[in-house]
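Asks: Attaching a single structure in C-alpha cells format; questions to follow.
Number of protein chains: 2
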Amino acid sequence: MPPSPRRHDPDRRARIVRAALDVIAEHGVAGTTHRRIAAAADVPLGSMTYHFAGIDEVLTEAFTLLADTVAGRFTDRLSAASTLDDACEAVVDLVVDESWATPRTLLLSYELYAFAGRNPALRSVMQAWMGKSRAALGQHFPADTARALDAMIEGLTLHRSVDARPADRDEVRAIVRRLAR
Amino acid sequence: MPPSPRRHDPDRRARIVRAALDVIAEHGVAGTTHRRIAAAADVPLGSMTYHFAGIDEVLTEAFTLLADTVAGRFTDRLSAASTLDDACEAVVDLVVDESWATPRTLLLSYELYAFAGRNPALRSVMQAWMGKSRAALGQHFPADTARALDAMIEGLTLHRSVDARPADRDEVRAIVRRLAR
DNA sequence: GGCCGATGAGTACATATGTACGCATCGCGG
DNA sequence: CCGCGATGCGTACATATGTACTCATCGGCC
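Residue numbers (the numbering used here), protein chains in the order written: chain Y, 12 to 192; chain E, 12 to 192.
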C-alpha cells in the first residue's frame, strides 16, 4: 500500500494538547494514554514522543490550557458587568448558566484538582487561576467578599453537578446576595 | 525455600479496600494497580481477583468507604453542637481544623469527584453523602442556609488547600456568620 | 475427629503501554 | 534551485498490568 502522505501541520503540538483535554474528559487521567491522545488529535504515535518529553508533559500543558481558558471566560463575564447588581447577576450566571459550567469543564476541573495534588507545577497554575478569579471579582467587590464569593462559586458549582435537584437560579441569587452585602 | 505460611485473615477484604484508599491517595486513580494495592494490604496478588471482580469494584468500594467515613465525621462534629453559635463554630472547624480537612482526605475527595463523573454507582454514593451533610446542617439551620453552608464548606476547603495564604479561622467565621443569619 | 468447601498463595499469559529509533519528506534559507 | 535540518511516520521492544488458573491449606459443620 502507498505510504500515508506527509502532512504539513504547524500547530500540531497545540492540537495534541487540545486533544489531550478531550481524552481526559472522556476517560479520565487514569485512562489517558499516548495512543488515545494521538488518535484524538489524528496524529501518529511517534508525534507524541517527538513533541513531548513524556506523558506528564502533555497532561501538564493540557491542564494549563484548561486553567487559562476557564479563567479567561470567568474574567470576561465579570468584566462585562458595570453595576453591582450586574456583577451579582454575573456571579449567578457563572454558577447556573450551562454555557459556563459545562459538565465537561467541571469534570476536567476535578481531574485537575486531583492531578495538581501530586504535581507542583500545576499547583502554581491553580494558584494563578485562583488569583485571576479573585482579581476579577475584586473589580466589583471588596477583597473579603471576593474571597467568599470565589469559594461559594466553586462549592455551588460542584454541588449542583452532583445534586439530583440542583439549586435554581433564584436560590443561587439569594445566596450570592447574602454574601455580597 | 519453605512456602510462606497460610494466614488466617478474616476481614482481608476490608483491609484491601482500606489499602486501596492509601494507594489512591499516594498515586492517584491513574497510578492505582492491583499489584500496588496488594502490596499495601500485604496480600498476594491472587487475593485481588479472588475477592473482587475487577479493579473498578475495588475502587468503587474504596470510594464508598471514604464517603461514609467522611460523612460520619461531619455528622458527628455537627451533632456535638447544641446552640446556634456552637453550630457555627463546628462549621468553622470543619473547614479549618487540620484534623478534619486533611490533605489526604481532600485529595481523595477530588479523585472521587473525578471518578464519580464516569461511574453511576458512585454518583449515588455522592448524593447520599451530600444528603447526609445537609441533614447534619439541617439540625441547626433552615434548609436554604444548610444548602448554602454545605456548598460554602466545600468551596472554602478546596480553596484553602490551594491558596498560598489560606483564609484564617476568623475570616472563615465571618463568612459563615454572613450566611447563617 | 474427619471432611469439604471457602480462602490463600504462587504463577502464567495475553495485552496495553511508554518510549526509542530509523527512515522519509518537505519547507526554507542561501 | 539546492541542500539540510526540522518535522512527520511507522514500527519495534521492554515492561507493566489485568486476569485466570492450579495447587495448598485451614476451619467450621456433621
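In this text, a Cβ means the ideal position worked out from N, Cα and C, and glycines have one as well.
In chain E, which residues lie less than 8 Å from Asp161/Y when you measure between Cβ atoms?
Replies: Going along chain E in sequence order, the residues near Asp161/Y (Cβ under 8 Å) are Gly166 and His170.
Asks: Drop a sphere of 10 angstroms on the beta-carbon of Thr60/E, count the other beta-carbons inside from all chains shown, and report buried for 16 or more, exposed for fewer.
Replies: By the 10 Å Cβ count, Thr60/E comes out exposed.
Asks: How many angstroms separate the CA atom of His38/E from the CA atom of Val136/Y?
Replies: Approximately 20 Å, taken between the alpha carbons.
Asks: Got a sec? Which residues, its chain only, sit under 6 Å from Ala52/Y by beta carbon, not counting five neighbours each side?
Replies: Arg26, Ile27 and Ala30.
Asks: So with Cβ pairs under 9 Å, would you call Glu182/Y a contact of chain E?
Replies: Chain E contact via Cβ: present.
Asks: Can you tell me which of the three DSSP states Phe63/E falls into?
Replies: Coil, per DSSP.
Asks: Could you pull out every residue in the same chain whose Cβ sits closer than 6 Å to the Cβ of Ala36/E, ignoring the five residues on either side in sequence?
Replies: Contacts found: Arg115, Leu118 and Leu119.
Asks: Between the C-alpha atoms of Phe152/Y and Arg129/Y, what's the straight-line distance to the nearest angstrom?
Replies: If I take the Cα positions, the gap works out to 33 Å.
Asks: Beta carbon of Ile48/E: closer than 8 Å to some heavy atom of the ligand FMN?
Replies: Looking at this structure, you won't find the ligand FMN or any other ligand, since it has none at all.
Asks: Would you list, in sequence order, the uninterrupted alpha helix (DSSP H) runs of no fewer than 4 residues that lie entirely inside the region 115-190 of chain E?
Replies: Counting whole runs of 4 or more residues, the region 115-190 of chain E contains the alpha helix (DSSP H) stretches 131-149 and 154-173.
Asks: Output, in chain order, the set of chain E residues within a Cβ distance shorter than 7 Å of Gly128/Y.
Replies: Chain E residues near Gly128/Y: Leu118 and Tyr121.
Asks: Put Thr43/Y into one of helix, strand or coil per three-state DSSP.
Replies: Looking at Thr43/Y - three-state DSSP - the assignment turns out to be coil, as it is neither helix nor strand.
Asks: Excluding the 5 residues flanking Arg23/E on each side, which residues of the same chain have their C-beta closer than 8 Å to its C-beta?
Replies: For Arg23/E, where only same-chain residues beyond five positions count, the Cβ hits under 8 Å are Ala52, Val54, Ser58 and His62.
Asks: What is the residue span of the alpha helix (DSSP H) that Thr96/Y lies within?
Replies: Sequence inspection shows Asp at residue 96/Y; the Thr mentioned does not correspond to that position. Leu95 to Val107 is the span of the alpha helix (DSSP H), which, as asked, contains Asp96/Y.
Asks: Quick check: Met163/E and Met163/Y, are their CB atoms within less than 9 Å of each other?
Replies: Contact flag set, yes.
Asks: Any idea what DSSP makes of Met12/E, helix, strand or coil?
Replies: Confidence is the limiting factor: at Met12/E the pLDDT is only 41, short of 50, which leaves the residue's position unreliable, though a coordinate-based value still follows. It is coil, neither helix nor strand.
Asks: I want to see whether chain E comes within less than 9 Å of Asp20/Y, judged by CB atoms only; does it?
Replies: No, because no Cβ of chain E sits closer than 9 Å to the Cβ of Asp20/Y.
Asks: Give me the subset of the region 24-48 of chain E whose CB atoms are less than 7 Å from a CB atom of chain Y, sorted by chain position.
Replies: Residues passing the 7 Å Cβ filter: Gly39, Val40 and Ala41.
Asks: Check whether the Cβ of Asp155/E lies closer than 9 Å to any Cβ atom in chain Y.
Replies: Answer yes: the Cβ-Cβ gap between Asp155/E and chain Y drops below 9 Å somewhere.
Asks: So, for Ala157/Y: in the same chain, excluding its five sequence neighbours on each side, which residues have a beta-carbon less than 6 Å away from its beta-carbon?
Replies: Answer for Ala157/Y: Arg145, Leu148 and Gly149, listed in chain order.
Asks: With a threshold of 6 Å on Cβ separation, who are the neighbours of Glu100/Y within its own chain once the five nearest residues in sequence on each side are excluded?
Replies: Contacts found: none.
Asks: Should Leu56/E be labelled buried (16 or more other beta-carbon atoms within 10 Å of its own) or exposed?
Replies: Its Cβ having fewer than 16 others within 10 Å, Leu56/E is exposed.
Asks: Residues of chain E with CB under 7 Å from Met141/Y, in chain order?
Replies: The contacting residues are His170, Val173 and Asp174.
Asks: State yes or no: is the beta carbon of Pro55/Y nearer than 9 Å to at least one beta carbon in chain E?
Replies: Not closer than 9 Å to any Cβ of chain E, the Cβ of Pro55/Y fails to qualify, so no.
Asks: Cβ of Leu133/E within 9 Å of Cβ of Phe74/E?
Replies: A contact, by the Cβ cut-off of 9 Å.
Asks: Strictly under 9 Å for the Cβ-Cβ distance: is Met12/E near chain Y by that measure?
Replies: Any reading at Met12/E is ruled out, since the residue's pLDDT is 41, under 50, leaving its predicted position unreliable.
Asks: Are Val40/E and Ala125/Y close, meaning C-beta to C-beta below 9 Å?
Replies: Cβ atoms of Val40/E and Ala125/Y: closer than 9 Å.
Asks: Taking the alpha helix (DSSP H) that Arg17/Y falls in, what are its first and last residues?
Replies: Neither: Arg17/Y is in no alpha helix (DSSP H) and is coded neither H nor E.
Asks: Between the alpha carbons of Asp33/E and Ala91/Y, how many angstroms are there, rounded?
Replies: Approximately 45 Å, taken between the alpha carbons.
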